[in-house]
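Beneath this line is the structure, given in C-alpha cells, with notes to follow.
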Amino acid sequence: ASSVSVRVMSKSGFEEDQKDDSKQTVDDQDLKETSHGESETAESPRPLSETSEMSLEVGTLNRKRKSPSDKQRPLTRYLPIRGSDLDLRQHIESAGHQVVLCPHVLINSSTCRGFLHKKGSKLNGWSRRWFVFDRNKHTLTYYSDKSEKKPRGGAYFQAIEEVYLDHLNSVKSPNPQLTFIVKTHERLYYLMAPSPEAMRIWVDVIFTGAEGYREFEHGT
Numbered sequence: 001a002s003s004v005s006v007r008v009m010s011k012s013g014f015e016e017d018q019k020d021d022s023k024q025t026v027d028d029q030d031l032k033e034t035s036h037g038e039s040e041t042a043e044s045p046r047p048l049s050e051t052s053e054m055s056l057e058v059g060t061l062n063r064k065r066k067s068p069s070d071k072q073r074p075l076t077r078y079l080p081i082r083g084s085d086l087d088l089r090q091h092i093e094s095a096g097h098q099v100v101l102c103p104h105v106l107i108n109s110s111t112c113r114g115f116l117h118k119k120g121s122k123l124n125g126w127s128r129r130w131f132v133f134d135r136n137k138h139t140l141t142y143y144s145d146k147s148e149k150k151p152r153g154g155a156y157f158q159a160i161e162e163v164y165l166d167h168l169n170s171v172k173s174p175n176p177q178l179t180f181i182v183k184t185h186e187r188l189y190y191l192m193a194p195s196p197e198a199m200r201i202w203v204d205v206i207f208t209g210a211e212g213y214r215e216f217e218h219g220t
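Residue numbers (full-length UniProt numbering): 1 to 220.
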C-alpha cells in the first residue's frame, strides 16, 4: 500500500513531510565506516523527532504497546529535570562522574558534546556522529562533524522517553558493552560510546532531558 504524506509544521517553524508510521523512523542513510574514514551520502537531514505533530493513531499505539525497555529501566537516581537553572556539569559531577578525566565528552552548564557511533536505521552500519545535547534548546541533535553546520537528525526533549544500556544485546554492535539506547516516541536510537565512562555520562546527561518519561509526564 502506498504511504500517506501529511504536511505538518515543526516547532522550529519549517514545514516538513511526515510519512505514515512505517516511514517515521527513516533516518540518514548511514554507511559503514572504512579504514580510511567515513563515507557520506548526500541525503537530506532528518527533522527532529516531534510529539505534538504525531497522529492520534501513533499516540494510541504508543500507549498500548509493551516495550522491551519496560524491563530495562534506566539505572539512575534522578528523574528528568526541566528547570532552566540546572548546572548540567555540576549535576553530572555530583553523580560521581569524573568529567575532567573523560576527554571524549565536552560538558558545561547547559550542553554536552561529543562523538558517538550511531546505528543507521536503513543500513546495518555504524557511523560516527557529533552529538549535541542542549538544555537551552531542549534538543538532542547530531551532525556529521564538529562544525555543527547542519543537523542530520535528533529529538526534542519531550519526545525522549528513556535512556538505558543495551544489556540484552538487542542489536549487533562492534562493542556491546559500550552500547546504549535512547528511546523516543517514534523510534529507538542505538548509540555506542568511545569509552565506558563516556557512555555513563551520556546516559545520565540525556536522561535529564527525557521529558517523555511516563512517570515524569504524569507527575508521579
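Just so you know, even glycine gets a beta-carbon here, dropped at the ideal spot from N, CA and C.
Which of the three DSSP states, helix, strand or coil, is assigned to residue 204? Translated into positions along the sequence shown, residue 204 becomes position 204. Helix at residue 204.
Alpha-carbon spacing of residue 144 relative to residue 128, whole angstroms: Numbered from 1 along the sequence shown, position 144 holds the residue referred to as residue 144. Numbered from 1 along the sequence shown, position 128 holds the residue referred to as residue 128. Approximately 8 Å, taken between the alpha carbons.
Please report the straight-line C-alpha distance between residue 97 and residue 170, rounded to a whole angstrom. Taking the first residue of the sequence shown as 1, we reach residue 97 at position 97. Taking the first residue of the sequence shown as 1, we reach residue 170 at position 170. So the two alpha carbons sit approximately 27 Å from each other.
Going by C-alpha distance, which of 87, 194, 208 and 186 is nearest residue 102? Walking along the sequence shown from the start, residue 102 turns up at place 102. It is 194 whose Cα lies nearest to the Cα of residue 102.
Could you check how far apart the C-beta atoms of residue 154 and residue 140 are, in whole angstroms? I think they sit under 8 Å. Here residue 154 corresponds to residue number 154 of the sequence shown, with the count starting at 1. Here residue 140 corresponds to residue number 140 of the sequence shown, with the count starting at 1. About 5 Å; that satisfies the 8 Å criterion.
Helix, strand or coil for residue 147 per DSSP? Within the sequence shown, the letter at position 147 stands for residue 147. In this structure, residue 147 counts as coil in the three-state DSSP scheme.
Taking Cβ positions, are residue 201 and residue 105 nearer each other than 8 Å? Working through the sequence shown from its first residue, we reach residue 201 at position 201. Working through the sequence shown from its first residue, we reach residue 105 at position 105. Their beta carbons are under 8 Å apart, which means residue 201 touches residue 105 by this criterion.
For the alpha helix (DSSP H) that residue 88 lies in, which residues bound it at each end? In the sequence shown, residue 88 corresponds to position 88, counting from 1. For residue 88, the uninterrupted alpha helix (DSSP H) run begins and ends at 88–94, by DSSP.
Determine the burial state of residue 119: buried for a count of at least 16 other Cβ atoms within 10 Å of its Cβ, exposed for fewer. One-based indexing of the sequence shown puts residue 119 at position 119. Residue 119 should be labelled buried.
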